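Numbers 9 to 398, taken from this note's numbering, label the letters of the sequence shown in order. Every residue gets a Cβ at the ideal spot worked out from N, C-alpha and C, and that includes glycine. Please read all numbers here as calculations on a predicted model, not as lab measurements.
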Amino acid sequence: MMKTAYADFHIHIGFSHHQPVKITAAKNLTLKDLLEHALHEKGLQIVTVIDGVCPSVQADFQSLIDMGQLELTQCGGYLYQSRLLAIPGAEVEISGPQGGAAHFGCWFPTLAAARDFSMWLATVQTNVNLSSQKARTTAAKLQEQVDDRNGIFVVHHAFTPHKGLYGSCVNRLSEILDTDGVDAIELGLSANTDMADSISELSDYTFLTNSDAHSLAKIAREYNALHVDEDLSFEEVRKALRREMGRAVAANYGLEPKLGKYHRTTCNACGEPCASGDTTCRNCGSSSVTKGVYDRWLELRDLNTPQHPSHRPPYQSQIPLEFVPGLGPKTRVKLIETFGSEMKVLHEANETELADTVGEKLAYKIIAARDGNLRYRIGGGGTYGKVIES
């Protein structure tokens with residue numbers, strides 16, 4: 009029997025065994041807390057633990073397996089408390105052929121495959137205990153290593169100016185990758201489907217919208233709805249990405265790109281927006297300027313209007329509860345206690361039910377947030393945009 013499952017395939021681990029894994033991530037973003045928060049507060053059914061190949065995180069996986077809280081499914085992936093599918097993965101940095109660097113996601117069906125991949129990584133990385141480290145190899149070789157272990161290979165945050173394939177490295181996928189060996193393209197917080205489908209070489213690929221969470225609160229700030237069998241597994245995810253046997257990504261739920269912290273070109277010194285193509289700030293004269301995703305997209309697109317292929321699911325601009333003006337932590341807790349999870353607030357609760365819980369004004373804002381009907385101050389230069397009013 010088929011069902012809709014909500015998935016966030018890019019969540020980092022901050023700490024494991026009292027040592028950092030993702031240096032920029034929160035200390036309370038441990039494997040156990042990640043799984044608990046994703047299941048009970050966010051209401052997800054699938055997550056990729058993107059630092060699951062790091063040895064200390066592997067040990068955490070094994071501990072939960074030994075305690076009976078994680079169980080390997082017959083077709084790969086681990087069920088947490090029988091309800092949340094957890095996939096061990098890695099984020100690996102590869103240098104571009106002409107400079108820059110890009111991040112790639114490597115997901116594995118079993119802990120054994122993740123361990124084997126980690127052993128190979130140790131031959132090309134300086135420190136496999138830390139997330140997102142540069143590997144002394146090529147992206148094509150990385151793809152081969154993932155394929156050899158029956159894994160899934162994903163381009164991470166393709167358009168971002170820091171460690172994004174398009175944003176930092178190349179103009180075309182073929183300049184760095186085996187284009188037949190890419191399972192999905194993760195758009196990143198400052199891009200959406202309309203932007204990506206204005207680049208003709210991307211039309212055959214499945215798009216993903218993931219959180220790249222560095223804290224518990226940021227889990228599922230972007231996520232996906234998958235149409236899969238009710239018996240969740242790694243292979244069900246693979247089929248969804250490849251659009252096989254009726255499985256598919258049914259919808260992408262992403263932030264309005266204007267909220268992304270690299271959407272427009274911005275001066276790093278004074279914070280003022282810069283015109284497309286500017287390399288020097290017209291306000292303060294600084295040459296420290298970060299090119300925005302939007303402005304890089306203008307250089308890359310080869311179609312004047314997006315051409316969505318028949319397989320492309322809808323992209324729904326949506327604002328997480330954390331971003332809703334006037335909705336504080338205590339009110340979020342009240343909503344989750346009332347409706348069961350953030351996914352249920354965003355997908356099932358109607359405006360009358362919300363008003364009974366938080367009042368009419370906040371209920372209206374929540375409806376506007378989940379429908380993308382808000383106004384924004386545009387982000388750039390490493391600063392997120394902001395919802396300014398409903």
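Notebook entry, point to check: Skipping 5 residues on each side, what residues in its chain have a beta carbon closer than 6 Å to that of L354?
Noted result: Within the same chain, L354 has close Cβ partners R378.
Note to self: Which runs of the alpha helix (DSSP H) at least 4 residues long sit entirely within the stretch 158-199? Give them in chain order.
What the structure shows: Runs of the alpha helix (DSSP H) inside the stretch 158-199: none found.
Notebook entry, point to check: Looking at C-alpha atoms only, which residue of S103, G175, L138 is the closest neighbour of A147?
Noted result: Distance from the Cα of A147 is smallest, within the candidate group S103, G175, L138, for S103.
Next item on the list: Please name the residue in D124, Y174, A376 whose C-alpha comes closest to that of L195.
Entry: Selection D124, Y174, A376 evaluated against L195 yields Y174 as nearest (Cα-Cα).
Item checked: Contact set for T417: own chain, Cβ-Cβ below 8 Å, skip 5 residues either direction -> The chain is shown only over 9 to 398; residue 417 falls outside these bounds and no answer can be derived.
Note to self: What would DSSP say about V65, mapped onto helix, strand or coil?
What the structure shows: Helix, per DSSP.
Item checked: For I193 and Y213, the rounded distance between their alpha carbons -> If you take the alpha carbons of Y213 and I193, they lie about 7 Å apart.
Note to self: Among the candidates G108, E101, A67, T118, whose CA atom is the shortest distance from the CA of E79?
What the structure shows: Here the closest residue by C-alpha is T118.
Margin query: For V154, which residues in the same chain have their Cβ closer than 6 Å to its Cβ, ignoring the five residues on either side in sequence?
Written below: Short of 6 Å from the beta carbon of V154, and not among the five residues preceding or following it, lie these beta carbons of its own chain, in chain order: C114, F161.
Checklist line | Buried/exposed call for D310, threshold 16 Cβ in 10 Å | finding: Exposed, by the Cβ-count rule.
Note to self: If you reduce the DSSP assignment to three classes, tell me which class M10 lands in.
What the structure shows: Strand, per DSSP.
Note to self: Can you look up S398 in the DSSP assignment and give me helix, strand or coil?
What the structure shows: Bear in mind that the predicted position of S398 carries a pLDDT of just 45, short of 50, making it too unreliable to give a figure here.
Item checked: Residue range of the unbroken beta strand (DSSP E) whose run includes R383 -> That run of the beta strand (DSSP E) goes 383-385.
Next item on the list: Return yes when the Cβ of E101 is within less than 8 Å of the Cβ of K142, no when it is not.
Entry: In this structure, K142 places its C-beta atom within 8 Å of the C-beta atom of E101.
Notebook entry, point to check: Measuring CA to CA, which of D191, E307, V245 is closest to Q2?
Noted result: The displayed coordinates of the chain run from 9 to 398. Any statement about residue 2 would go beyond what the structure contains.
Check: How should L240 be labelled, buried or exposed, when 16 other C-beta atoms within 10 angstroms of its C-beta is the threshold for buried?
Finding: Classification of L240: buried, given that the 10 Å Cβ count is 16 or more.
Notebook entry, point to check: Helix, strand or coil: which one does DSSP assign to D41?
Noted result: Three-state DSSP puts D41 in a helix.
Next item on the list: Can you check DSSP and say which residues form a bridge with A110?
Entry: Beta-bridge pairing links A110 to I102.
Next item on the list: Over the uninterrupted alpha helix (DSSP H) stretch that includes Q151, give me the two end residues.
Entry: From DSSP, the alpha helix (DSSP H) with Q151 extends over 147-156.
Check: Are the CB atoms of I58 and H18 nearer to each other than 8 Å?
Finding: Yes, these two residues count as a Cβ contact at 8 Å.
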